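Each residue of the sequence shown is one higher than the one before, starting from 1 at the first, in our numbering.
Built from N, CA and C at the ideal position, the CB exists for glycine as well.
Keep in mind it's a predicted model, so treat the numbers as computed, not measured.
Single-structure report; data block below.
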Amino acid sequence: MSAADAGKVAHTAPHALLLPYPAQGHVIPFMELADRLLDRGFAVTFVNTEFNHRRVVVAAGGAAAGGRLRLVGVADGMGDGEDRDNLVRLNACMQEAMPPRLEALLVADDERLGRVTCVVVDAGMSWALDAVKRRGLPAAALWPASAAVLAVLLGAKTLIRDGVIDDDGAPVKLENNTFRLAESMPPMDAVFLAWNYMGNRDAERMVFHYLTTTAWTAVAKADVVLCNTFEELEPDIFGPYSPAATTILPIGPLRTWRRQTSQAPAGHFWRADDEACLSFLDAQQPHGSVVYVAFGSLTVMSPVQLQELALALLASARPFLWVFRPGLAAELPAAFTDLLPRHGRGKVVEWAPQEKVLAHPAIGCFLTHCGWNSTLEGVRHGVPLLCWPYFTDQFTNQAYICDIWRVGLRMAPNDSDSTVTKERIMERLESLMGDSGVKERVKGLKDLAERNMGTKGQSLKNLNTFVEFMRK
Numbered sequence: 001m002s003a004a005d006a007g008k009v010a011h012t013a014p015h016a017l018l019l020p021y022p023a024q025g026h027v028i029p030f031m032e033l034a035d036r037l038l039d040r041g042f043a044v045t046f047v048n049t050e051f052n053h054r055r056v057v058v059a060a061g062g063a064a065a066g067g068r069l070r071l072v073g074v075a076d077g078m079g080d081g082e083d084r085d086n087l088v089r090l091n092a093c094m095q096e097a098m099p100p101r102l103e104a105l106l107v108a109d110d111e112r113l114g115r116v117t118c119v120v121v122d123a124g125m126s127w128a129l130d131a132v133k134r135r136g137l138p139a140a141a142l143w144p145a146s147a148a149v150l151a152v153l154l155g156a157k158t159l160i161r162d163g164v165i166d167d168d169g170a171p172v173k174l175e176n177n178t179f180r181l182a183e184s185m186p187p188m189d190a191v192f193l194a195w196n197y198m199g200n201r202d203a204e205r206m207v208f209h210y211l212t213t214t215a216w217t218a219v220a221k222a223d224v225v226l227c228n229t230f231e232e233l234e235p236d237i238f239g240p241y242s243p244a245a246t247t248i249l250p251i252g253p254l255r256t257w258r259r260q261t262s263q264a265p266a267g268h269f270w271r272a273d274d275e276a277c278l279s280f281l282d283a284q285q286p287h288g289s290v291v292y293v294a295f296g297s298l299t300v301m302s303p304v305q306l307q308e309l310a311l312a313l314l315a316s317a318r319p320f321l322w323v324f325r326p327g328l329a330a331e332l333p334a335a336f337t338d339l340l341p342r343h344g345r346g347k348v349v350e351w352a353p354q355e356k357v358l359a360h361p362a363i364g365c366f367l368t369h370c371g372w373n374s375t376l377e378g379v380r381h382g383v384p385l386l387c388w389p390y391f392t393d394q395f396t397n398q399a400y401i402c403d404i405w406r407v408g409l410r411m412a413p414n415d416s417d418s419t420v421t422k423e424r425i426m427e428r429l430e431s432l433m434g435d436s437g438v439k440e441r442v443k444g445l446k447d448l449a450e451r452n453m454g455t456k457g458q459s460l461k462n463l464n465t466f467v468e469f470m471r472k
């Protein structure tokens with residue numbers, strides 16, 4: 001086929017523009033959705049902020065385009081040296097700087113992929129839907145966290161009316177630290193008011209208003225609101241008495257490997273050391289013996305806490321694979337780096353191919369910050385979870401893991417801000433690794449996850465329905 005003919009074929013394909021919120025836990029599921037669309041014949045323009053676009057391209061080995069995929073960077077309105085972990089400022093800058101640039105992408109007729117014919121935005125970026133609707137394009141919003149947190153955000157006006165929370169989201173009237181989304185629904189723990197777990201009331205107030213506003217806009221302006229979850233994982237939210245059941249379409253768990261086409265990169269901000277991780281796990285590690293430690297892209301630890309964790313891993317005598325992300329702390333404790341070679345059973349990497357690691361039979365448990373992606377990845381590979389949340393909905397996910405699904409244990413109480421000792425860490429690890437009930441229950445969730453994305457699974461049916469709608 002000639003280049004001209006290939007261009008004609010590409011132009012007849014539906015062309016989706018995808019816009020994730022600029023955080024690692026959002027970019028990864030969006031990239032997986034991109035791969036699912038590529039599998040089904042779509043062309044995809046994947047839009048990151050310029051800052052994250054550069055990181056994704058470097059982590060993927062330098063490729064910014066190929067086949068029916070185009071990676072694009074758009075300015076977020078912040079200066080080069082500004083702190084993009086300041087989410088309040090980032091949100092304000094993006095809303096001002098990005099819409100004109102998105103409008104230009106929507107009207108452009110790309111010589112390889114043609115015009116954009118449909119759009120998927122992050123529910124946290126729903127202000128971008130105005131430009132999409134002006135062009136009359138099919139539009140979806142993807143919420144990449146739990147359906148429960150989205151349902152609570154959508155129900156915030158009712159919770160304010162009923163006096164459960166005040167106008168700024170702070171809890172006012174809870175019964176036994178619980179509330180109800182609807183009278184006929186079971187009570188929900190206060191951790192499902194996820195914005196209240198940031199440790200700074202001013203930030204919590206601003207995040208509450210941003211999240212509720214963008215969630216309501218997503219429902220009002222998108223043709224469909226997608227969520228990376230499945231019905232059996234959150235049955236109360238998709239049950240007959242839930243006000244959100246008919247609003248949220250579950251299409252998860254989205255996978256980030258075992259792809260048919262593998263046209264899209266994984267969307268990592270750091271380059272994963274696949275060979276080092278997998279060769280370590282392959283090196284005669286006993287089945288179910290390795291402790292996998294990874295705290296996502298935002299968690300920060302104090303030097304004292306880091307030392308307790310490092311020494312606990314060495315003292316446990318269990319093999320471990322630790323993702324020590326740049327930014328987690330200044331540096332590994334000297335006591336740890338001096339002893340690691342003598343330990344002989346530990347491996348430290350900067351970033352890991354997490355799904356491949358969790359799928360490895362040597363993995364015995366996952367010490368995690370409880371981000372939704374990590375939670376889902378642990379569940380769908382049947383790995384018990386040891387929970388150490390950092391902020392916001394990570395505490396919500398911990399409640400799911402430990403109290404509702406009962407597939408993991410807490411490292412520390414929610415209200416504890418003291419250092420977790422080496423001895424406590426070791427005790428929690430041993431308790432989890434020896435809990436046969438947890439292992440049995442997480443295997444049950446793994447089976448449900450597999451069934452949902454199997455040929456007759458409800459999540460796959462929902463995904464296919466969404467794809468056909470976007471193909472119009």
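6 Å CB neighbourhood of residue i in its chain, flanking five on each side removed
i: leucine 90; result: Arg84
i: phenylalanine 295; result: His369
i: glutamine 305; result: Thr419
i: threonine 375; result: Asn397
i: arginine 318; result: Val291
i: proline 253; result: Leu376, Arg380, Ala449
i: leucine 137; result: Cys118, Val119
i: methionine 470; result: Cys118, Pro138
i: methionine 78; result: Cys93
i: tryptophan 143; result: Ala123, Leu150, Cys227
i: methionine 453; result: Ser459, Leu460
i: arginine 410; result: Cys387, Cys402
Rounded straight-line distance, which links the Cα of residue j to that of residue i
i: phenylalanine 391; j: tyrosine 197; result: 5 Å
i: threonine 49; j: glutamate 183; result: 42 Å
i: threonine 542; j: serine 436; result: An answer regarding residue 542 cannot be provided, because it is not within the stretch 1 to 472 covered by the chain.
i: glutamate 96; j: glycine 371; result: 28 Å
i: valine 116; j: lysine 472; result: 12 Å
i: arginine 441; j: glycine 434; result: 14 Å
i: methionine 206; j: valine 88; result: 7 Å
i: threonine 455; j: asparagine 464; result: 11 Å
i: lysine 133; j: glycine 163; result: 35 Å
i: proline 20; j: asparagine 52; result: 11 Å
i: alanine 220; j: leucine 367; result: 38 Å
i: arginine 201; j: aspartate 167; result: 13 Å
i: phenylalanine 238; j: leucine 211; result: 21 Å
i: alanine 187; j: arginine 180; result: In the sequence as displayed, the identity of residue 187 is proline instead of alanine. Their Cα atoms are separated by approximately 5 Å.
i: tyrosine 241; j: proline 235; result: 11 Å
i: aspartate 80; j: threonine 178; result: 43 Å
i: glutamate 232; j: tyrosine 400; result: 12 Å
Distance between beta carbons of residue j and residue i, contact taken as under 8 Å
i: alanine 123; j: alanine 141; result: 4 Å
i: asparagine 462; j: isoleucine 251; result: 5 Å
i: valine 278; j: lysine 356; result: Here the sequence assigns leucine to residue 278, which means valine is not the residue at that position. Going by Cβ atoms, the distance from leucine 278 to lysine 356 rounds to 6 Å, so yes, they are a contact pair.
i: phenylalanine 42; j: leucine 71; result: Actually they are not in contact, since the Cβ atoms of phenylalanine 42 and leucine 71 sit about 15 Å apart, beyond 8 Å.
i: serine 146; j: aspartate 393; result: 7 Å
i: leucine 18; j: leucine 33; result: 7 Å
i: phenylalanine 280; j: leucine 314; result: About 16 Å; that fails the 8 Å criterion.
i: glycine 364; j: serine 289; result: 5 Å
i: alanine 148; j: phenylalanine 208; result: Contact doesn't hold; Cβ gap of about 16 Å is too wide.
Close beta carbons around residue i, own chain, < 7 Å, minus the five adjacent residues each side
i: glycine 457; result: Arg451
i: alanine 3; result: Here alanine 3 scores only 47 on pLDDT, less than 50, and its place in the model should not be relied on; the value that follows carries that caveat. No residues qualify anywhere along the chain.
i: tryptophan 351; result: His268, Trp270, Arg271, Ala272, Asp273, Val323, Arg325
i: glutamate 423; result: none
Residue i - containing beta strand (DSSP E), residue span
i: valine 72; result: 69-74
i: phenylalanine 366; result: 363-368
i: lysine 347; result: 346-349
i: valine 290; result: 290-294
i: tryptophan 143; result: 139-143
i: glycine 473; result: No statement about residue 473 is possible, as the shown extent of the chain runs from 1 to 472 and does not include it.
Residue range of the alpha helix (DSSP H) that includes residue i
i: aspartate 393; result: 393-399
i: leucine 33; result: 24-39
i: arginine 342; result: 334-343
i: phenylalanine 280; result: 274-282
i: arginine 135; result: Arginine 135 -> no alpha helix (DSSP H), and no H or E assigned at all.
i: threonine 158; result: 156-161
i: glycine 444; result: 436-452
Bridge-paired residues (DSSP) for residue i
i: leucine 19; result: Val121
i: isoleucine 248; result: Val225
i: aspartate 110; result: Gly114
i: asparagine 48; result: Gly73
i: methionine 473; result: Within the shown structure, residues of the chain are numbered from 1 to 472, placing residue 473 beyond reach of any answer.
i: phenylalanine 320; result: Val291, Gly346
i: cysteine 387; result: Thr368, Arg410
i: proline 171; result: Ile165
Close beta carbons around residue i, own chain, < 8 Å, minus the five adjacent residues each side
i: alanine 276; result: Lys347, Val349
i: alanine 170; result: Asn196, Arg201, Glu204, Arg205
i: alanine 131; result: Pro99, Leu102, Glu103, Leu106
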